[in-house]
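Colleague: Structure in C-alpha cells, see below.
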Amino acid sequence: MIEVRNISKRFGKVVVLDNVSLTIENGETFVIIGQSGAGKTTILRHIAGFFDPDQGDVLIDGMKMNGAGSGKKRMLREKMGFLFQSGALINWLNVKENVALPLVEHKLGTKDEIDKIVDEKLSLLQLDDAAEKMPSDISGGMKKRVGLARAIVRNPEIILYDEPTSGLDPVMSARIDELILRMQRELGVTSVVVTHDMDSAYRIADRIAMLYQGRIIECGTPEQIRESINPYVRQFVEGKLTGPIEV
Amino acid sequence: MKEIVRNYQSDIYGIFSSVGERMLYQVKFSGFTLILIFNTFLQLRYAFSKRREIIKQMYVSGVKSMMVCSIVALFGGMILSLHSGVELKKWGQQDVVPILMINVMNKEMGSFLTAIILTAFSGAAMAAEIGTMKVSEEIDALEMMSINPVKYLVMPRIVSMMIMLPTLSIYTIVLGVFGGAVVSYFQLGLTFEDYYHRVYESIWLKDMYVGLLKSLVFAVIISSISCANGLMAQNGALGVGRATRISVVSSYLMVLIIGYFITSLFYGGFM
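As they're listed, the protein sequences go chains A and Z. Numbered as in the working numbering, the first sequence ends at 1359 without a single skipped number. Numbered as in the working numbering, the second sequence ends at 1552 without a single skipped number.
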C-alpha cells in the first residue's frame, strides 16, 4: 500500500504541492490527473524517493520513503518499476540490453536465465522483433513499451507511470492502456498513473484524483469523476476553455 | 528623490543577491565534486567487473585523441626548440636545446599539453554525455533500477582517464622531444646522435615522477569536474551546453592552479 500523508513541497517561492494526502491500495490502478505543472509528476517523484517533501510523509508498505538512507531507498525501489515519460532508455544499449540491465547489474541469474526472462518480457509487450534495435532506431511508442518491459523485468509490486500515453497516436495510446491493464490483471501490480489524457484515465483507472494548484480537489471512481459537479473538474474533463481554471 | 534611492537600493540588493547565489552554487558544486571523487574511490573495488566499460572509455578518451596529441606534441616541441634555439644560437649555446627540451617537456609541458587536449576532447564529451542522460531522465532510471550512477558511469570514466592521461603524457613528451630534434638537426646544426645523448643525460627520475603525478592529478580533476557538471545539468539542451562549457573552463583553470602548486611543492617553496 502507498500512503502519501499531508505532503507539501515548494521549489523556490512556488508551492507545488500543498498538504496532499492519498492512499493507494494494493492491486489498484490509481490515476492522477491535472493540468501541466499542477504537481502530478512531483507526487510520483516523491513516491519514487527522488524528492523529499518539505513536510509530510510518503510510506510504502508502512515504511517511510522520505528521509530514508540509500540502502533503505534501494530496498524500497526494488519493489517498484518506473515508466518515464521519454522511456529513459540507455542510448548505447540495444533494446534487449536495456531490458536486461537491472538483472545484469545486480547479477540476478546466469546469462541463460536472464535471456529467458528478458525474452519473456519482450514477448509480453510484443517487442520480439525489436530486441536487437538501438533506442534511436525505434518509435516513441516502442520506446515506452521497452521502458515498460524494463520496469517490469524484476516483477515489481508497484509500477509508476509518468504520462504513459503522451505524444502517442490514439491507437498506440489504447495499446499502452491495454498493457497497463494487463500488468494489473496478470501480475497483480499496484499502478500509479500520471496523465492528462482523460480517455486513457477512464479506461484504466480504479480511482482518479484531480490535482489543481498543488491540492487534490476531487478523488473518486471514473464514474464519480465523470459526473462531478466541481466546476474545476468539469472544465478539465470536458476540456472547455471557459470556466474557473485559468488558461 | 525617494524613488531614485529605492531604485539604487533595489539594484544593490540585486547585485549582492546574484553574487551570493553564484558563490553558493560554487560552494555546492565544489562539495558535490569532492563527494563524487570520494564515492568514485569507494567504487574502485568494482573496477575489475567494469573492465569492459573502462576499456571502452580508454579507447574513447585516449586512443581517439592520439592524432590530436601527436600534432600538438610534435609542433609544440618544434616551436619551443625553434624559439629557444634561434636565441641560444646567437650566443653559441644551441647545445643546451636538448637539455631544455627534455626538462620542459618532462616537468611541465608533457602533462599540461595532454591535459589541455583531453579536457577539450574527452572532458567536454563526458559532461555532454552525462548531462544529456541527466536531462533525459536516464540517470533517474538508473537510480530507479538501484544502479549506482557513480559505479556505472563515473568510476569507469575517471579510471580510464587516470590510465590514459599519464600514458598520453609520456607519448607527448617523446613526440615533443622528437620535434625538438628535427628542428635542432635542420636549423641548429645539431646531429641526432648528439641531441639524444644530451637528452638521455638530462633525464631525471624526479622530473619523471612529478610529471606523472601531475598527469594523474589532472586526470582526476578533468574527469571529476566533467562528470559532476554532467550530473548537475538541468533545463534540457541549454543546460547540457552550459554544463559542457563550464566543465571545460573549470578544468582548464584547475589544471593551471593545481599544476602550479604541485610544481611549487616539488621544486620551490610552497608559494
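Beta carbons: idealized from backbone N, C-alpha and C, even for Gly.
#1: Under DSSP, the alpha helix (DSSP H) around LEU1361(Z) begins and ends at which residues?
#2: State the CB to CB distance for the pair ILE1439(Z) and VAL1501(Z), rounded to an integer number of angstroms; the pair is presumed to be in contact (CB under 8 Å).
#3: CB-CB under 7 Å to LEU1456(Z), same chain, minus the five flanking residues each way: which ones, in chain order?
#4: Assess contact between the stretch 1397-1414 of chain Z and the stretch 1241-1256 of chain A, defined as three or more Cβ pairs (one per stretch) separated by less than 8 Å. Is contact present?
#5: First and last residue of the alpha helix (DSSP H) that includes HIS1327(A)?
#6: Is there a C-beta anywhere in chain A that falls below 8 Å from the one on SER1427(Z)?
#7: Counting contacts by CB-CB distance shorter than 8 Å, is ALA1212(A) in contact with chain Z?
#8: Secondary structure at ILE1299(Z), three-state DSSP: helix, strand or coil?
#9: By DSSP, does THR1395(Z) sit in helix, in strand, or in coil?
#10: Return yes when at least one heavy atom of the ligand MG lies under 7 Å from the C-beta of PHE1123(A), else no.
#11: Tell me the residue span of the beta strand (DSSP E) that contains MET1322(A).
#12: I want to see whether chain Z comes within less than 8 Å of ARG1315(A), judged by CB atoms only; does it?
#13: Between THR1453(Z), ILE1335(Z), PHE1473(Z) and ILE1454(Z), which lies nearest to ALA1462(Z) when the distance is taken from Cα to Cα?
#14: What separation, rounded to the nearest whole angstrom, lies between the Cα atoms of GLY1355(A) and GLN1147(A)?
#15: By the DSSP assignment, the alpha helix (DSSP H) with LYS1495(Z) in it spans what residues?
#16: Using 8 Å for Cβ pairs, my map puts ALA1524(Z) next to PHE1313(Z). What's the rounded Cβ distance?
#17: The beta strand (DSSP E) that contains ASN1118(A), what's its start and end?
#18: Measure the C-alpha to C-alpha separation of SER1198(A) and VAL1265(A) and round it to an integer number of angstroms.
#19: So PHE1196(A) contacts chain Z; which residues on that side make the cut at Cβ distance below 9 Å?
#20: How about PRO1276(A) and LYS1255(A): do their beta carbons lie closer than 8 Å?
#21: Report the three-state DSSP secondary structure of GLN1147(A) (helix, strand or coil).
#22: Does GLY1511(Z) pass the burial test, meaning 16 or more other C-beta atoms within 10 Å, or should it be called exposed?
#23: Taking its Cβ as the centre, do 16 or more other Cβ atoms sit within 10 Å of ILE1484(Z), making it buried, or is it exposed?
#24: Sort out for me which residues DSSP pairs SER1303(A) with in a bridge.
#25: Identify the continuous beta strand (DSSP E) that holds GLY1193(A) and give its terminal residues.
#26: Around the C-beta of GLN1375(Z), are 16 or more other C-beta atoms found within 10 angstroms, so that it is buried, or is it exposed?
#27: Does the pairing of the stretch 1270-1287 of chain A with the stretch 1217-1237 of chain A give three or more beta-carbon distances under 8 Å?
#28: Would you call PRO1282(A) buried or exposed, if buried means 16 or more other Cβ atoms sit within 10 Å of its Cβ?
#29: Are the stretch 1239-1246 of chain A and the stretch 1199-1210 of chain A in contact at 8 Å, needing three or more beta carbon pairs?
#30: Around the Cβ of ASP1292(Z), are there at least 16 other Cβ atoms within 10 angstroms (buried) or fewer (exposed)?
#31: For the beta strand (DSSP E) containing SER1465(Z), name the first residue and the last one.
#32: Which one of VAL1367(Z), GLU1482(Z) and SER1330(Z) has the shortest CA to CA distance from SER1433(Z)?
#33: Taking the alpha carbon of LEU1195(A) as the reference point, which residue from LEU1546(Z), GLN1468(Z), GLU1424(Z) and LEU1493(Z) has its own alpha carbon closest?
#34: Would you identify the three-state DSSP class for GLY1351(A), choosing helix, strand or coil?
#35: Within a Cβ cutoff of 7 Å, which residues of the same chain sit near VAL1216(A), ignoring the five residues on either side of it in sequence?
#36: With distance defined between alpha-carbon atoms, name the residue in ASN1387(Z), VAL1435(Z), GLU1419(Z) and ILE1503(Z) nearest to ILE1454(Z).
Modeller: From the atom records:
#1: For LEU1361(Z), the enclosing alpha helix (DSSP H) begins and ends at 1347-1371.
#2: Separation of the CB atoms of ILE1439(Z) and VAL1501(Z) is rounded to 6 Å, and the pair is thereby assigned contact status at 8 Å.
#3: Contacts found: SER1351, ALA1354, LEU1355 and GLY1358.
#4: In short, these stretches do not touch, since the Cβ pair count stays below three.
#5: The identity of residue 1327(A) in the sequence shown is Arg, whereas the question assumes His. Not the alpha helix (DSSP H): ARG1327(A) falls in the beta strand (DSSP E), residues 1327-1332.
#6: It does: the Cβ of SER1427(Z) has a partner Cβ on chain A nearer than 8 Å.
#7: No - not a single Cβ of chain Z is within 8 Å of the one on ALA1212(A).
#8: Ile is not the amino acid found at residue 1299(Z); the sequence shown has Ser there. In this structure, SER1299(Z) counts as helix in the three-state DSSP scheme.
#9: Three-state DSSP puts THR1395(Z) in a helix.
#10: Of ligands this structure carries none, so the ligand MG is not represented either.
#11: Start and end: 1319-1324.
#12: Judged by the 8 Å Cβ criterion, ARG1315(A) is not in contact with chain Z.
#13: If we check each option's Cα against that of ALA1462(Z), PHE1473(Z) comes out closest.
#14: Roughly 14 Å separates the two Cα atoms.
#15: Element bounds for LYS1495(Z): 1486-1512.
#16: Not confirmed; about 12 Å, so no contact.
#17: Per DSSP, ASN1118(A) belongs to the beta strand (DSSP E) from 1114-1123.
#18: So the alpha carbons of these two residues sit roughly 18 Å apart.
#19: What PHE1196(A) touches in chain Z: SER1417, GLU1418, GLU1419, ASP1421, ALA1422 and MET1425.
#20: For the 8 Å CB-CB criterion, PRO1276(A) and LYS1255(A) do not form a contact.
#21: In this structure, GLN1147(A) counts as coil in the three-state DSSP scheme.
#22: Classified as buried, GLY1511(Z) has 16 or more neighbouring CB atoms from the shown chains inside 10 Å of its CB.
#23: So ILE1484(Z) counts as exposed.
#24: In the DSSP secondary-structure assignment, SER1303(A) is bridged to THR1141(A) and ILE1271(A).
#25: Boundaries of the beta strand (DSSP E) harbouring GLY1193(A): 1192-1195, taken from the DSSP string.
#26: It counts as buried.
#27: Three or more beta-carbon pairs separated by less than 8 Å are not found between the stretch 1270-1287 of chain A and the stretch 1217-1237 of chain A, which leaves the two stretches without contact.
#28: By the neighbour-count rule (16 or more Cβ atoms within 10 Å), PRO1282(A) is not buried but exposed.
#29: Per the Cβ contact rule, the stretch 1239-1246 of chain A is in contact with the stretch 1199-1210 of chain A (3 or more Cβ pairs under 8 Å).
#30: By the neighbour-count rule (16 or more Cβ atoms within 10 Å), ASP1292(Z) is not buried but exposed.
#31: Taken as a continuous stretch (DSSP letters only), SER1465(Z) belongs to no beta strand (DSSP E), being part of the alpha helix (DSSP H) at 1436-1468.
#32: The question names Ser, yet the displayed sequence has Tyr at residue 1433(Z). In this structure, SER1330(Z) is the residue among VAL1367(Z), GLU1482(Z) and SER1330(Z) with its C-alpha nearest to the C-alpha of TYR1433(Z).
#33: It is GLU1424(Z) whose Cα lies nearest to the Cα of LEU1195(A).
#34: It is coil, neither helix nor strand.
#35: If you ignore the 5 residues before and after VAL1216(A), its C-beta comes within less than 7 Å of the C-beta of ILE1226, all in its own chain and listed in chain order.
#36: Out of ASN1387(Z), VAL1435(Z), GLU1419(Z) and ILE1503(Z), ASN1387(Z) has the C-alpha closest to the C-alpha of ILE1454(Z).
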